[in-house]
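So the protein lines, in turn, are chains A and B. So for the first sequence, the working numbering puts the first residue at 9; every next one is plus one. So for the second sequence, the working numbering puts the first residue at 9; every next one is plus one. Ideal Cβ placement from N, Cα and C applies to all residues, glycine included. Some notes on the structure that comes next.
Protein chains: 2
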Amino acid sequence: MTVLAENGLDGLSIRHVAAEAGISIGGVQHHFASKDELLVAASQHVTDLFKDLAIKQTQPILVKEGPKAAFLTFCQLLANSGPDTAHGERGTTPSVVWLWFAAQATKPGNVADAFTAAWRETEDYLHGVIVELFPYCDASEEAAYLLALLDGLAVARATEPARMPPIRARSIIQSHFRRLDAHQIADLQ
Amino acid sequence: MTVLAENGLDGLSIRHVAAEAGISIGGVQHHFASKDELLVAASQHVTDLFKDLAIKQTQPILVKEGPKAAFLTFCQLLANSGPDTAHGERGTTPSVVWLWFAAQATKPGNVADAFTAAWRETEDYLHGVIVELFPYCDASEEAAYLLALLDGLAVARATEPARMPPIRARSIIQSHFRRLDAHQIADLQ
Numbered sequence: 009m010t011v012l013a014e015n016g017l018d019g020l021s022i023r024h025v026a027a028e029a030g031i032s033i034g035g036v037q038h039h040f041a042s043k044d045e046l047l048v049a050a051s052q053h054v055t056d057l058f059k060d061l062a063i064k065q066t067q068p069i070l071v072k073e074g075p076k077a078a079f080l081t082f083c084q085l086l087a088n089s090g091p092d093t094a095h096g097e098r099g100t101t102p103s104v105v106w107l108w109f110a111a112q113a114t115k116p117g118n119v120a121d122a123f124t125a126a127w128r129e130t131e132d133y134l135h136g137v138i139v140e141l142f143p144y145c146d147a148s149e150e151a152a153y154l155l156a157l158l159d160g161l162a163v164a165r166a167t168e169p170a171r172m173p174p175i176r177a178r179s180i181i182q183s184h185f186r187r188l189d190a191h192q193i194a195d196l197q
Numbered sequence: 009m010t011v012l013a014e015n016g017l018d019g020l021s022i023r024h025v026a027a028e029a030g031i032s033i034g035g036v037q038h039h040f041a042s043k044d045e046l047l048v049a050a051s052q053h054v055t056d057l058f059k060d061l062a063i064k065q066t067q068p069i070l071v072k073e074g075p076k077a078a079f080l081t082f083c084q085l086l087a088n089s090g091p092d093t094a095h096g097e098r099g100t101t102p103s104v105v106w107l108w109f110a111a112q113a114t115k116p117g118n119v120a121d122a123f124t125a126a127w128r129e130t131e132d133y134l135h136g137v138i139v140e141l142f143p144y145c146d147a148s149e150e151a152a153y154l155l156a157l158l159d160g161l162a163v164a165r166a167t168e169p170a171r172m173p174p175i176r177a178r179s180i181i182q183s184h185f186r187r188l189d190a191h192q193i194a195d196l197q
């Protein structure tokens, strides 16, 4: 993962990964038949780390401030802009891995299939939460709308951390939530 | 550009580009010293095509329906979701080139500098239009918010054209505009 974030896909050679992981080239080749498989595995690793982080960071907020505040934090984490996200290079690593994953997913194949499945699942998850928390919205449209916004923020975090520091991204997501709330009120009147 | 969209960065060899352009390998090498330069040039080409298309498609709308309708069309074009965008592979080409450009821009260098400059310019442009059309908004936040949304939609258009057909992206951008308008009304009250 570190290799991918620092060197990009061109730098993602079997030799590099073996060196980073401190294992033999044969050991890496045993696990991953191709760069694409390595990329799918790296993205899966980022996803797993994200799920652990999301549970750890949203659980106390859910208890203290309720489900809407917890969902806000979840969305900020998805845009790699959580309260504890570092400003530096390391802080953008998950977004960088995700962006390579997305770029590679523009070609048909294993990477594209994995990406499409992961993003459909994410949209479905957002859809379910929006139905619960913002019942007067068009949840189908709002899920895709929110996901596009978070994806765009994640791209900016990965490519332009100076233009898009975490605090700016968090503020934008908060605005979006205020609008979802306002939408509820408008529809109830 | 076609080579990049169909084969990705791995497939972007000097040989491929020469074959596609119908010129000699020496001819390509004469123009581009590296893949990075080729990528910057391809992105510049997409940007130039985009500007031509944007002027051609928004000018009649500006005259007939006014500046807000023209800006809406401009934003839909930026998300590669204009009214005339094809559903198929060809229709996603500009987004695919842009996504490779973004992924490569995560590494410091010429590509990153070109990407950062282009996106700052785009945000500044959106900022100027928002100040004119939605004067009661926080234009600085709204410009970054809108750009993130359009970028996220462009990623979805490039990677998941089935989940994000142009009509769905256009509907989301229209919702965003309705909210910008609602915001104006709320602040005026």
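Tell me the DSSP secondary structure of residue i in three-state form.
{"i": "A:S42", "result": "coil"}
{"i": "A:N88", "result": "coil"}
{"i": "A:G117", "result": "coil"}
{"i": "A:R186", "result": "helix"}
{"i": "B:R176", "result": "helix"}
{"i": "B:D159", "result": "helix"}
{"i": "A:Y144", "result": "coil"}
{"i": "A:P75", "result": "helix"}
{"i": "B:R171", "result": "coil"}
{"i": "B:E97", "result": "Its pLDDT being 48, under 50, B:E97 is placed unreliably by the model, and the measurement read from it follows with that caveat. B:E97: coil per DSSP, three-state reduction."}
{"i": "A:A126", "result": "helix"}
{"i": "B:I181", "result": "helix"}
Exposed or buried, what is residue i when buried is set at 16 or more other beta-carbons lying within 10 Å of its beta-carbon?
{"i": "B:H184", "result": "buried"}
{"i": "A:A164", "result": "buried"}
{"i": "B:E131", "result": "buried"}
{"i": "B:D56", "result": "exposed"}
{"i": "B:R186", "result": "exposed"}
{"i": "A:S148", "result": "exposed"}
{"i": "B:R178", "result": "buried"}
{"i": "A:V71", "result": "exposed"}
{"i": "B:A125", "result": "exposed"}
{"i": "B:E97", "result": "Unreliable placement is indicated for B:E97, whose pLDDT of 48 sits below 50; no coordinate value is reported for it."}
{"i": "B:R128", "result": "exposed"}
{"i": "A:P102", "result": "buried"}
{"i": "B:I138", "result": "buried"}
{"i": "B:D92", "result": "exposed"}
{"i": "B:D121", "result": "exposed"}
{"i": "B:Q201", "result": "This structure gives no information on residue 201 of chain B, because the portion of chain B shown stretches from 9 to 197."}
{"i": "B:S51", "result": "buried"}
{"i": "B:E150", "result": "buried"}
{"i": "A:G74", "result": "exposed"}
{"i": "A:D146", "result": "exposed"}
{"i": "A:G160", "result": "buried"}
Assuming the contact rule is C-beta atoms closer than 8 Å, residue i and residue j should be a hit. Round their C-beta distance to whole Å, please.
{"i": "B:W108", "j": "B:A162", "result": "12 Å between Cβ atoms; not a contact."}
{"i": "A:P174", "j": "A:S89", "result": "4 Å"}
{"i": "B:Y153", "j": "A:I180", "result": "5 Å"}
{"i": "B:F123", "j": "A:T167", "result": "6 Å"}
{"i": "A:Q65", "j": "A:L85", "result": "6 Å"}
{"i": "B:V119", "j": "B:D44", "result": "5 Å"}
{"i": "B:L80", "j": "B:F142", "result": "12 Å between Cβ atoms; not a contact."}
{"i": "B:L157", "j": "A:L157", "result": "5 Å"}
{"i": "B:V104", "j": "A:T114", "result": "5 Å"}
{"i": "B:A77", "j": "B:I69", "result": "5 Å"}
Kindly indicate if chain E contains any beta-carbon less than 9 Å away from that of residue i.
{"i": "B:A190", "result": "In the structure shown, chain E cannot be found, because the protein chains are A and B."}
Which residues, taken in chain order from the region 106–137 of chain A, show a beta carbon closer than 8 Å to some beta carbon of chain B? L107, W108, A110, A111, Q112, A113, T114, K115, A120, F123, T124, W127, R128 and E131
Please list the residues of the region 150–172 of chain B that have a C-beta atom closer than 9 Å to any C-beta atom in chain A, keeping them in chain order. E150, A152, Y153, L155, A156, L157, L158, D159, G160, L161, A162, V163, A164, A166, T167, E168, A170, R171 and M172
Taking any Cβ of chain B, which residues in the region 175–187 of chain A have a Cβ under 7 Å from it, in chain order? R176, S179, I180, S183 and R187
Residues within the region 61–72 of chain B neighbouring chain A, beta-carbon criterion of under 9 Å: none
Taking a Cβ distance cut-off of 7 Å, strictly less, list which residues of the region 42–55 of chain A are near chain B, in chain order. none
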